[in-house]
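J.:
Protein chains in written order, with the numbering used here: chain A, 278 to 624; chain B, 278 to 624.
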């Protein structure tokens, strides 16, 4: 330890001691006191059924926060990463961001008369799903670039925010933000109350995610990691502006998730929560050969009654490889049907 | 405001009220009390001389934290960004990271006999500065790629940490971390104590910065923004690994700084501190046409006695365009000579 480190630690200890003194007369019970005496009275995860899954989550949090236990993890290293689509809110029948992109192309069609005969735009405008699917990744990128770029970051934020406010889920007929999962929001708050820093790590684009992550999940912009497009700094009309260019900067999916986590957070998570094969590498990065307490979680959509039931054969949110790996890797498969008392946030 | 936002706000208010109640009996004075009564007794910036500069900084912090004042900024928006080289530590006669790269090439020369005749490596090994300078950006990139890539992120961290621990500044003959500026560390802590989130926004590479940012400045990895190289996720020997590839991912300098800030933080800073033309756009992005309370600061190296004196004609840390713009932009030019009582952290 360098002199500087030891001094920083001493200062930190002094600060902690002062804080402890200052709050010595306080009536707020510490975590240890609360969990010892009031466990029955206070349930941090009321929308989770009392199953083995819930017990495992609480056991993990208790272990990493117990300073005298072998699984203790210092607060700074308590990083938890959550996928978004299918993990924090509904992703069926299509990702909300794709629905946004299609709606945006339809709006822009007024100023792009040439799109009436130009694929894939014609297909989008006329709702020709087969042609759109046939256009594949190339077609998708064209739609995303047309809907997501060519404006300032500020304007994009306004457009995306208005869509999030006004759009309705095509089948469940509610605003998308009302299709966020209540048990997950409780889990985010429970982790934060136990010293975790929570992050969204999504294949969706970071600027789209940021328009609703704070009000919907309580996750601020700086803790949202996603795919991104290239932006260029400019001064326009006496104001600094970031122009969104039609060029992909980073894809935060599959093996891109550990890359994004490393780039943005610079530490390995100790908890990762996903729901599809796109989250395989994030869970593997978090739990494999870590030598410390870690927890990988996979949400299994097995609830056709309250939400959707899909896994291995689904186009959206395919869960196959990760489901096969879960048992050997020690990942907890969360059953929406059995483990969740409530699914959606209350209106 | 959506229902969800209003609920989140209500919950936050309840939490704040509970916290206030719990600490009501505490002896710790609030910010307002401390600044009203004990100003003479408690100086948050003891290494800053009592000049107009220090007064402006304190005035700014008081304004953005005064909930009844017109300049109030909510805590979540109190983002402060600091350049590293020349702003938080010494950058003369050469950036520490360049010295690291040159040392690393010299170490690697043992396993690269071909470098004895291959430029720019021959020039590095033999200390042929003129040839190295003549090799320009292309030569520099070759040196950086040879020193910074082709290993795992974990191995790079070890190599860089050992260098930081062992290397000595070529002129001041101290470890680089002892050439961090004490007044700036006080400023970081002062801002954090007033609800700011502090970030490093440097042209240096993020993984090099992270090896010393926490122990030296108290800034954790997730609040370090820098240039980056491309990494690829792989499993090697049963362990997840990020392989560092010889490809530039992002240059966090000049107009790249606002891009990096937007990508990583997703909010505009309200305070930015730099020292060279490389920080021009960051200060401009922070302060120009913002309509809210902002503060731009430029450290002027005018102290040949205690550190170095340089600005317009310097190769490293050139301060010309930003110095010309400072007055009209309202940026505060901090004189190392006049405004700082102490320069370096104490050993």
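Cβ atoms here follow ideal geometry from the backbone N, Cα and C, with glycine treated the same way.
Quick one: using the 10 Å Cβ neighbour count with 16 as the cut-off for buried, is residue 404 (chain A) buried or exposed?
T.: Residue 404 (chain A) is exposed by the Cβ-count criterion.
J.: Keeping to the same chain, check which residues put their C-beta closer than 6 angstroms to that of residue 386 (chain B); ignore five residues upstream and five downstream.
T.: Hits under 6 angstroms: 392, 402.
J.: Counting pairs of beta carbons, one from the segment 444–454 of chain B and one from the segment 343–353 of chain B, are three or more of them closer than 8 angstroms?
T.: Segments in contact, no.
J.: Any C-beta of chain B sitting closer than 9 angstroms to the C-beta of residue 309 (chain A)?
T.: Low local confidence applies: a pLDDT of 44 at residue 309 (chain A) is under 50, so the model's placement there is unreliable, with the coordinate-based value given in what follows. For residue 309 (chain A), the answer is no, since every Cβ of chain B falls outside 9 angstroms of its Cβ.
J.: Where DSSP assigns a beta bridge to residue 521 (chain A), which residues make up the other side?
T.: Its beta-bridge partners are A:508.
J.: Could you name the residues of the same chain whose beta carbon sits closer than 8 angstroms to that of residue 396 (chain B), not counting the 5 residues immediately before and after it, in chain order?
T.: Same-chain partners within the cutoff: 408, 412, 416.
J.: Could you check whether the segment 510–525 of chain B touches the segment 465–476 of chain B, counting it as contact only if at least three pairs of C-beta atoms, one from each stretch, sit closer than 8 angstroms?
T.: The segment 510–525 of chain B, when compared against the segment 465–476 of chain B, does not touch it at the 8 angstroms Cβ threshold.
J.: Using a beta-carbon distance below 9 angstroms, is residue 565 (chain B) in contact with chain A?
T.: Chain A contact via Cβ: present.
J.: Using DSSP bridges, identify the partner residues of residue 356 (chain B).
T.: Note: residue 356 (chain B) sits in a beta bridge opposite B:474.
J.: Does residue 497 (chain A) get closer than 9 angstroms to chain B when you measure Cβ to Cβ?
T.: Answer yes: the Cβ-Cβ gap between residue 497 (chain A) and chain B drops below 9 angstroms somewhere.
J.: In the structure shown, what three-state DSSP assignment does residue 425 (chain A) receive?
T.: Residue 425 (chain A) falls in the helix class under three-state DSSP.
J.: Return the first residue and the last residue of the beta strand (DSSP E) that residue 514 (chain B) is part of.
T.: First-last for residue 514 (chain B): undefined, no H or E at that position.
J.: Name the chain B residues that come within less than 9 angstroms of residue 504 (chain A), Cβ to Cβ?
T.: Result: empty, since nearest Cβ-Cβ is about 11 angstroms, beyond 9 angstroms.
J.: Would you tell me roughly how many angstroms separate the C-alpha atoms of residue 526 (chain A) and residue 422 (chain A), rounded to the nearest one?
T.: Each residue's Cα considered, the two are about 12 angstroms apart.
J.: Taking just the CA atoms, how far does residue 582 (chain A) sit from residue 292 (chain A)?
T.: Because residue 292 (chain A) carries a pLDDT of 36, less than 50, the predicted location of this residue cannot be relied on, and the following value inherits that uncertainty. Going from the Cα of residue 292 (chain A) to the Cα of residue 582 (chain A) covers about 52 angstroms.
J.: For the beta strand (DSSP E) containing residue 549 (chain A), name the first residue and the last one.
T.: It spans 548–551 - the beta strand (DSSP E) in which residue 549 (chain A) sits, taken as one unbroken run.
J.: Closer than 9 angstroms, Cβ to Cβ, to anything on chain A: give me those residues from the segment 541–558 of chain B, in chain order.
T.: Hits within the stretch, in order: 541, 542, 543, 544, 545, 558.
J.: Which residues in the same chain have their Cβ closer than 8 angstroms to the Cβ of residue 509 (chain B), if we skip the five residues on either side of it in sequence?
T.: Once the five neighbours on either side are set aside, the close Cβ partners of residue 509 (chain B) are 519, 520, 522.
J.: For my contact list, residue 544 (chain B) and residue 498 (chain A) are in at a C-beta cut-off of 8 angstroms; report their separation, rounded to the angstrom.
T.: The pair is a contact, with the Cβ atoms about 6 angstroms apart (cut-off 8 angstroms).
J.: Kindly indicate which three-state DSSP category residue 482 (chain A) falls into: helix, strand or coil?
T.: In the structure shown, residue 482 (chain A) sits in a strand (DSSP, three-state: E or B).
J.: Ignoring anything shorter than 4 residues or poking outside the segment 528–587 of chain B, list the alpha helix (DSSP H) runs there in chain order.
T.: Correct list: 533–541, 557–564.
J.: Count the C-beta pairs between the segment 527–541 of chain B and the segment 549–563 of chain A that are closer than 8 angstroms, then say yes if the count reaches three, no if not.
T.: No contact exists between the segment 527–541 of chain B and the segment 549–563 of chain A.
J.: Flag residue 573 (chain A) as yes if its beta-carbon sits less than 9 angstroms from any beta-carbon of chain B, otherwise no.
T.: Output row for residue 573 (chain A): interface = no.
J.: Within 9 angstroms (strictly less), CB to CB, does residue 519 (chain B) reach chain A?
T.: Yes, contact with chain A.
J.: If contact means a Cβ-Cβ distance below 9 angstroms, which residues of the segment 471–487 of chain A contact chain B?
T.: Cβ contacts with chain B come from 474, 476, 483, 484, 487.
J.: Taking buried to mean at least 16 other C-beta atoms within 10 Å of its own C-beta, is residue 447 (chain B) buried or exposed?
T.: Exposed, by the Cβ-count rule.
J.: Going by beta carbon distance, what residues of the same chain come within less than 7 angstroms of residue 302 (chain A), once the five residues before and after it are set aside?
T.: Residue confidence for residue 302 (chain A) is low, a pLDDT of 33 falling below 50, so the modelled location carries little weight; the figure read from the coordinates is stated next. Correct list: empty, nothing qualifies.
J.: Are the beta-carbon atoms belonging to residue 616 (chain A) and residue 460 (chain A) less than 9 angstroms from one another?
T.: Result yes, Cβ atoms of residue 616 (chain A) and residue 460 (chain A) sit closer than 9 angstroms.
J.: Starting from the C-beta of residue 541 (chain A), find all residues in its chain whose C-beta is less than 6 angstroms away, skip the five residues before and the five after it, and write them out in chain order.
T.: Only 502 meet the Cβ criterion.
J.: Kindly list the residues whose CB is nearer than 8 angstroms to the CB of residue 623 (chain B), restricted to its own chain and excluding five residues on each side of it in sequence; keep chain order.
T.: Once the five neighbours on either side are set aside, the close Cβ partners of residue 623 (chain B) are 459.
J.: Do residue 354 (chain B) and residue 362 (chain B) have their beta-carbon atoms positioned less than 9 angstroms apart in this structure?
T.: No, they are not a contact pair.
J.: Check residue 324 (chain B) in the structure and name its three-state DSSP category.
T.: Residue state, collapsed to three classes: coil.
J.: Please confirm whether residue 570 (chain B) and residue 341 (chain B) have their CB atoms less than 9 angstroms apart.
T.: Yes, the pair counts as a contact, with Cβ atoms nearer than the cut-off.
J.: Over the uninterrupted beta strand (DSSP E) stretch that includes residue 612 (chain A), give me the two end residues.
T.: Element bounds for residue 612 (chain A): 609–612.
J.: In three-state DSSP terms, what is residue 319 (chain B)?
T.: Coil.
J.: Does the beta carbon of residue 446 (chain B) come closer than 9 angstroms to any beta carbon on chain A?
T.: Output row for residue 446 (chain B): interface = no.
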